[in-house]
Amino acid sequence: MTRSPFAQAQTGAVSTTPQAGSAVTARDYLKSILYTKAEVKAWLAEQAFPFAKYSSEFGWLLRDARFRDGVNGSTSIYTYGPLDERITINYAGRPCRINTYGNSYTQCHQVSDGETWQEVLAAHLQEPVRNFGVGGWSVYQAYLRMLQEERRAPAEFIIFNIYDDDHFRSLDSWRNIRVPKHERFIEPTLPHVSVNVKEARFEERLNICPTPESVYRLCDLDWVVEKFQDDFALKIMLAHLNAKTENPESSYADVLKLATTHGIVTRIDTAAGLSQTADNLHRQSAYFASQQIVEKIETFAKTHDKKVLFVLSYPPKSVIRFVQEGIRADQSFVDFIKQRGLPVVDLMQEHLDDFALFKGDIKAYLARYWVGHYNPRGNHFCAHALMPRLVELLNPKPPSYRPDATILK
């Protein structure tokens with residue numbers, strides 16, 4: 202299976218290995234993830250790390266590419282249009298009233314142009330569906346992209362996709378704090394949010410490197426330490442790393458203070474307790490952030506007379522856990538969506554229902570649909586899972602659902 206450029210972007214993932222007998226300091230950790238000036242220069246010139254290109258507003262956008270990452274070892278072709286959207290193929294010349302936003306499951310990483318769930322939808326509905334998804338993006342980045350594109354290329358109907366890790370990504374000020382550099386992809390600084398559940402605080406923060414020249418600051422250890430030593434995600438990472446050393450107590454005070462400030466009452470006196478508290482804090486903050494962003498999306502939609510369909514996406518390991526243990530980490534967020542009565546397609550539940558009709562084991566089932574991300578069959582599954590709810594929202598109905606079969610003008 203080909204490793205995705207952002208496959209390791211999961212809460213609790215680590216990008217350095219601590220020595221058993223020593224604590225990891227913020228300076229040590231940040232030194233280990235510094236860019237070199239040569240890396241930054243090559244990336245900005247689009248001569249290296251070919252997955253993405255620099256964006257001051259969003260951190261990064263996507264580049265045309267060919268990667269051998271598809272089903273059966275095939276090469277996937279990725280092509281982007283004048284709005285940095287993945288190109289529209291089916292019914293491209295007709296008016297578009299459906300825009301889609303989100304992450305790599307929206308972008309449809311690991312399938313070629315024409316194999317995405319947007320193109321499956323377009324072929325069935327007989328009208329185009331735009332794809333503004335970007336691999337590795339957070340809920341917050343997708344929200345910001347929605348605000349931009351709904352000015353430039355507005356649509357009456359919006360599909361907003363949220364993936365498992367996207368909640369945590371919204372809290373990242375510099376993604377490489379949580380995710381190691383990949384040969385295809387530098388994950389740089391980005392717009393993000395700062396939250397405090399206890400205080401019901403939600404603050405939007407701009408990209409700390411707002412110009413191409415400023416990206417070179419990520420090569421300067423003193424500057425990086427000054428800017429990131431108190432970073433929320435860094436403290437979470439240090440807690441997980443130091444829980445694996447012989448000196449976990451080096452992170453006790455920081456994490457206990459952070460937890461208390463965020464309304465979590467706990468006691469930390471073991472390595473396991475340190476890691477668990479950090480994980481609870483991270484999850485609570487991430488799902489709270491997503492709830493606030495969803496409320497902003499709702500407000501935007503009502504103000505601009507748009508309708509939004511939310512889609513929840515998951516990696517295979519989350520589906521396995523749900524099938525085998527009945528546990529899903531994002532249950533509080535799912536409950537929030539349902540309590541608000543928002544239109545939603547829960548792909549976790551869709552796969553659970555589909556698996557109930559399958560005679561093999563869960564791994565054999567997953568191999569039908571995933572090759573890291575969804576394979577072409579997985580994209581068909583996604584499209585047909587959300588199609589009934591989307592058609593229900595569309596008014597007037599798409600050509601394929603109109604008795605007169607008249608093409609929309």
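Residues in the sequence shown are numbered from 202 upward in steps of one, following my numbering.
Quick reminder that beta carbons are idealized off the backbone N, C-alpha and C, glycines included.
*Does the Cβ-Cβ distance between L595 and L510 come in under 7 Å?*
no
_Rounded straight-line distance, which links the Cα of T500 to that of K508_ = 11 Å
*What residue does the alpha helix (DSSP H) around G474 start on, and which one ends it?*
A472 to T504
_In whole angstroms, give me the CA-to-CA distance for E405 and E551._
33 Å
*Run through DSSP, which three-state label would W571 get?*
strand
*Determine, using beta carbons only, whether A487 and F369 come nearer to each other than 7 Å.*
yes
*Neighbour-count burial assignment, S223, 16 or more Cβ in a 10 Å radius*: exposed
*asked:* Measuring only the C-alpha atoms, how far is H325 from S601?
replied: 7 Å
*With N304 and A343 assumed to form a contact (beta carbons below 8 Å), what rounded beta-carbon distance in angstroms separates them?*
7 Å
*Cβ-based neighbour list, R569, same chain, cut-off 7 Å, excluding 5 preceding and 5 following*: R578
*Do you know how far the Cα of Y515 is from the Cα of S216?*
Residue confidence is low: S216 scores 43 on pLDDT, short of 50, so the model does not pin down where it sits. Its coordinate-derived value is still stated next. Cα-Cα distance, rounded: 22 Å.
*What residues in its chain sit with their C-beta under 6 Å from that of T307, if we drop five residues either side in the sequence?*
T301, G334 and N362
*List the DSSP bridge partners of R295.*
None; R295 has no bridge partner.
_Using only the alpha-carbon positions, how far apart do F582 and R379 sit?_
31 Å
_Let me check one thing: in DSSP terms, what residues is D547 bridge-paired to?_
L513
*Inspect the beta-carbon positions of I288 and G282 and report whether they are closer than 7 Å.*
yes
*Kindly indicate the opening and closing residues of the alpha helix (DSSP H) around Y453.*
Y453 to T462
_Give me the residue from D555, L439, D536 and V416 with the minimum Cα distance to V524._
D555
*Per DSSP, what kind of secondary structure is T301 in: helix, strand or coil?*
strand
*Whole beta strand (DSSP E) runs in the region 375 to 447 with 3 or more residues, listed along the chain?*
393 to 397 and 402 to 406
_Inter-stretch contact (C-beta, 8 Å, three-pair minimum) for the region 402 to 421 and the region 251 to 259_ = yes
*Would you say L284 and A356 are within 7 Å of each other, going by their C-beta atoms?*
no
*asked:* To the nearest angstrom, how far is the alpha carbon of P599 from that of E328?
replied: 7 Å
*For R269, which beta-bridge partners are listed by DSSP?*
R269 pairs with nothing; no bridge assigned.
*Quick one: Cα of A208 to Cα of C297, how far?*
Summary for A208: the model assigns pLDDT 46, below 50, so the residue's position carries little reliability, and this model does not support an answer.
*asked:* What residue range does the beta strand (DSSP E) around K254 cover?
replied: A253 to S256
*Please specify which runs of the beta strand (DSSP E), each continuous and at least 3 residues long, are wholly inside the region 346 to 374, giving them in chain order.*
358 to 364
*Near I563, what residues of its chain come up, given a Cβ to Cβ distance below 6 Å and the 5 sequence neighbours on each side ignored?*
I521 and V524
*To the nearest angstrom, report how far apart D373 and P381 are at their CA atoms.*
13 Å
_Classify T412: buried if its beta carbon has 16 or more other beta carbons within 10 angstroms, exposed otherwise._
exposed
*What are the start and end residues of the beta strand (DSSP E) that includes I278?*
S277 to Y279
*Can you grab the Cα-Cα spacing for the pair P597 / F358, in whole Å?*
11 Å
*Let me know if T317 comes out buried or exposed under the rule of 16 or more other beta-carbons within 10 Å of its beta-carbon.*
buried
_Please classify F331 as buried or exposed, where buried requires at least 16 neighbouring CB atoms within 10 angstroms._
This sequence places Arg at residue 331; Phe is not what is there. Buried, by the Cβ-count rule.
*Report the option in I498, D506 and S491 whose CA atom is closest to the CA atom of D531.*
S491
*Whether H463 touches N377 by CB criterion (7 Å)*: no
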